[in-house]
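Taking the working numbering, I'd label the letters of the sequence shown as residues 42 to 497.
Every residue, glycine too, gets a C-beta built ideally from N, C-alpha and C.
As C-alpha cells, the structure follows; a few thoughts come after it.
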Amino acid sequence: MRDVQAAIDALGTLLGDRLSTSDSDRDVHGRDESSFPPAAPDAVAYPRSTEEVSAIVRTCSDHGVPVVAFGTGSSLEGHVLAVEGGVAVDTSLMDAILRVSIEDLDATVQPGVTRTALEKRVGREGAFFSVDPGADASLGGMAATGASGTNTVRYGTMRENVLALEVVLADARVIRTGTRARKSSAGYDLTHLFIGSEGTLGIITELTVRLRPIPEAISAAVCSFPTTAHAVATAIEIVQSGAPIARCELLDATMMGAVNAHAGLDHAEAPTLFLEFHGSPSEVEDDARYVEELAREHGGGDFAWSVRAEDRSRLWRARHNAYFAALGLRPGCRVLTTDVCVPVSELAAVIDATVEDVAGLTFPAPVLGHVADGNFHVMLLIDPDEDGDRQAATAVYERMVERAIAAGGTCTGEHGVGLGKRRALAAEAGPAVGVMRALKQALDPDDLLNPGKVLP
Ligand SMILES: Cc1cc2nc3c(=O)[nH]c(=O)nc-3n(C[C@H](O)[C@H](O)[C@H](O)COP(=O)(O)OP(=O)(O)OC[C@H]3O[C@@H](n4cnc5c(N)ncnc54)[C@H](O)[C@@H]3O)c2cc1C
42 MRDVQAAIDA LGTLLGDRLS TSDSDRDVHG RDESSFPPAA PDAVAYPRST
92 EEVSAIVRTC SDHGVPVVAF GTGSSLEGHV LAVEGGVAVD TSLMDAILRV
142 SIEDLDATVQ PGVTRTALEK RVGREGAFFS VDPGADASLG GMAATGASGT
192 NTVRYGTMRE NVLALEVVLA DARVIRTGTR ARKSSAGYDL THLFIGSEGT
242 LGIITELTVR LRPIPEAISA AVCSFPTTAH AVATAIEIVQ SGAPIARCEL
292 LDATMMGAVN AHAGLDHAEA PTLFLEFHGS PSEVEDDARY VEELAREHGG
342 GDFAWSVRAE DRSRLWRARH NAYFAALGLR PGCRVLTTDV CVPVSELAAV
392 IDATVEDVAG LTFPAPVLGH VADGNFHVML LIDPDEDGDR QAATAVYERM
442 VERAIAAGGT CTGEHGVGLG KRRALAAEAG PAVGVMRALK QALDPDDLLN
492 PGKVLP
C-alpha cells in the first residue's frame, strides 16, 4: 500500500534538511527541456553516499513509493518527470572523484560528478574523458541514458567508456558490475544492462570510466557546402574511407544562422561541417589535408582552421550550445526533439527525405547531428499552445522514426526513450520488448523505479 507521508517522515529522519518538500525544489525536479507537461515528485532527497541511497530505496519500497533518480535533469524525453509522484533522488551531492589512474587511464567517480568536473580534474594530468553531450550532464545520468557526444565517432559512447558500476537495486541491495580490467568474459554483462536503463532497473551510485590521453596535436576546421546533401555526402565518404576523424558534426543553414547569432560567430549561413583531427602533428596535418580534398570534391568551400586552443573551445562551445541557440529562433517555443540514427550508408537518403518533409512546416526545424555516427536531430520548435504545431511535429517525428527503422536504424541514437519514445521502442524492438519487461519484472517487481518510462 502506498503511503507517501510515512515515507517522507522516515526519510526526513534519515536525511534531515537533505529531504525537501518545498514547492520550488519539487518544481525543478518535475520538469525538463522536453515539451511534456511537468510532473513534480512529492519530495526530493539529496543523499551523500551509497548507504543513504540504499536506505532511501528501502524506505520507499517499504511504503510503496516510486523513486526517480535525478542527475542534472538535462534529458530530453521526459525521463525525470515524476508521472506517478514519489521521491526524486538527486545525486548532486554525490560529486566526489574517488580515484584517478593515469597509468591505467581510468577513474572512479560518484554519479553526481559532471562531465566537465571530471574533464577539469583529469585535464591537469594530460588525460580527458571523451563523452561530451551538449549539456554538462552527470556521469550517472549519462550512463543511465547511454549518452554520447561529438567525439563518439572516434572514442565511442558511454557504452564503450564505462568499465564498472555500483548499483542500488529496487530491493536496496548494493551490487557491483564489471571490474577495472579492459575485458572480461565473466558471466552476464550487467554493466551494459544498466547503461541505458534510465533509472528503471537500479540507481547507479559509482562508475569506473575510461580516460584517454590528450592527443599531441589537435586541429579543428569548419567547412560550408552548397546543400545539406553535399555536406552529408562528405561525412559519409570520410567514414567510409576510414579517415580517423575525431569529430564530424553537421549543422544546416538554419542552425548555422542560430549559432552565429547566439555565439557571436560569423560563419557562412550554409550547411556546414565542424571537424576535428587528433594525433601527432604530422598525422593531424595529413588527415586534415585528405578530408579537405574530399570536401572540395563535394563542393565544400575553404576550410576555416582553428588551431589555437581558445578558438577551438569557442567553436565547440558554440556547437554544444546549438540547442539553446535554436530556441532563440522562436522565443517561447518548446522543442520536440528527434534523434534517429541509421547505418551511415543509409544516412544520405534518410536526411534527404527528412529535409523534404520539414520544408513545408510553418515553424523552424533546424537540422544538426553527429553525422559520422549516422545520428542526427531535427529540432521541431513548436508553440506548446498550438495543437496544429504539435500535430505537424508529431507526424514528422513518426515518419522519421519509420524511415530510420526501415533503414536498419534506431528511433534514438543517444537521448534515450523516456516517456517520448516508448511507442517507437515497441516498433523497433518488437518481441524483444517482452524480454525487457521480464528483466524489469525480475529486478523491480513492484515497478517503483522511475515508473512509466522506457517500456511501452
Ligand atoms: C543542450 C543539450 C544538449 C544535449 N546534447 C546531448 C548530446 O549531444 N548527446 C546526448 O547523448 N545527450 C544530449 N543531451 C541530453 C542529456 O544531456 C543526456 O541525456 C544526459 O545523459 C542526461 O544526464 P543528466 O545528468 O542530466 O540526467 P537526468 O536528466 O537527470 O536523468 C536522465 C535519466 O537517467 C536517470 N538517472 C539519472 N541519474 C541516475 C543514476 N545515478 N542512476 C540511475 N539512473 C539515473 C534518470 O532517472 C532519468 O531517467 C542534451 C541535452 C541538452 C539540454
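What does residue i pair with, by DSSP beta-bridge criteria?
i, result
"glycine 197", "The partner list for glycine 197 (beta bridge, DSSP) is empty, contrary to what the question assumes."
"glycine 237", "DSSP lists no partner for glycine 237."
"aspartate 147", "Ser142, Arg251"
"histidine 411", "Asn416"
"glutamate 290", "Phe315"
"isoleucine 216", "Val208"
"glycine 340", "Its beta-bridge partners do not exist; DSSP assigns none."
"leucine 421", "Leu377"
For residue i, which residues of its own chain have a beta-carbon under 7 Å away from its beta-carbon, when the five flanking residues on both sides are left out?
i, result
"glycine 457", "Ser116, Glu118, His120, Thr186, Gly187, Gly237, Glu239"
"alanine 258", "Gly320, Ser321, Pro322, Val325"
"proline 256", "His319, Gly320"
"glycine 369", "Ala299, Ala302, His303"
"serine 76", "Arg375, Val376, Leu377, Ile423, Pro425"
"valine 280", "Val385, Ala413"
"alanine 367", "Met296, Ala299, Pro407, Met420, Leu422"
"isoleucine 138", "Ala148, Val150, Val154, Leu159, Arg162"
"aspartate 393", "Ala270"
"arginine 371", "Phe404, Pro405, Leu422"
"valine 399", "Ala406, Val419, Val437"
From residue i to residue j, what does the alpha carbon distance come to, in whole angstroms?
i, j, result
"alanine 129", "valine 325", "46 Å"
"alanine 241", "arginine 355", "Residue 241 is actually threonine in this sequence, not alanine. In a straight line, the C-alpha of threonine 241 is about 37 Å away from that of arginine 355."
"valine 154", "alanine 276", "33 Å"
"isoleucine 244", "leucine 210", "7 Å"
"leucine 496", "arginine 221", "31 Å"
"phenylalanine 417", "alanine 47", "46 Å"
"asparagine 301", "threonine 268", "18 Å"
"serine 171", "leucine 146", "12 Å"
"serine 142", "phenylalanine 111", "28 Å"
"proline 472", "leucine 306", "48 Å"
"arginine 464", "valine 442", "10 Å"
"glutamine 482", "asparagine 491", "13 Å"
"asparagine 202", "alanine 178", "15 Å"
"arginine 214", "proline 78", "33 Å"
"cysteine 264", "leucine 314", "5 Å"
"valine 332", "glutamate 387", "21 Å"
"valine 476", "alanine 470", "10 Å"
"arginine 358", "alanine 274", "25 Å"
"alanine 389", "alanine 329", "23 Å"
"aspartate 103", "alanine 468", "36 Å"
"phenylalanine 266", "alanine 184", "35 Å"
"methionine 135", "asparagine 192", "26 Å"
"glutamate 338", "glutamate 317", "19 Å"
"alanine 433", "arginine 440", "11 Å"
"alanine 363", "aspartate 44", "43 Å"
"phenylalanine 235", "glycine 340", "44 Å"
"arginine 67", "threonine 113", "14 Å"
Drop a sphere of 10 angstroms on the beta-carbon of residue i, count the other beta-carbons inside from all chains shown, and report buried for 16 or more, exposed for fewer.
i, result
"methionine 42", "exposed"
"aspartate 230", "exposed"
"threonine 132", "buried"
"glutamate 166", "exposed"
"leucine 224", "According to the sequence as given, residue 224 is lysine; it is not leucine. So lysine 224 ends up on the exposed side."
"glutamate 455", "buried"
"glycine 283", "exposed"
"glutamate 7", "The structure shown does not extend to residue 7, since the chain spans only 42 to 497, so no value can be given for it."
"threonine 403", "exposed"
"glycine 219", "buried"
"arginine 360", "buried"
"aspartate 485", "buried"
"aspartate 428", "exposed"
"glycine 182", "buried"
"proline 405", "buried"
Leaving out five residues before and five after residue i in sequence, what residues of the same chain have Cβ atoms less than 6 Å from its Cβ?
i, result
"proline 174", "Ala188, Gly190"
"alanine 294", "Glu310, Ala311, Pro312"
"glutamate 278", "Leu335"
"valine 391", "Val383, Arg444, Ala448"
"glycine 461", "Glu118, Gly119"
"arginine 353", "Ala261, Ser347"
"threonine 100", "Ala48, Ala51, Leu52"
"arginine 140", "Thr149"
To which residues of the same chain is residue i closer than 8 Å at the C-beta, ignoring the five residues directly before and after it?
i, result
"leucine 60", "Ile49, Leu52, Gly53, Ala84, Val85, Ala86, Tyr87"
"leucine 204", "Asp147, Gly219, Thr220, Arg221, Ala222, Arg223, Thr232, Thr249, Val250, Arg251"
"alanine 123", "His70, Gly71, Ala80, Ala81, Pro82, Asp83, Pro107, Val109, Ala129"
"valine 194", "Val280, Ile286, Ala287, Arg288, Cys289, His411, Ala413, Asp414"
Nearest chain C C-beta to residue i closer than 9 Å, yes or no?
i, result
"phenylalanine 404", "Here there is only one protein chain, and chain C is not present."
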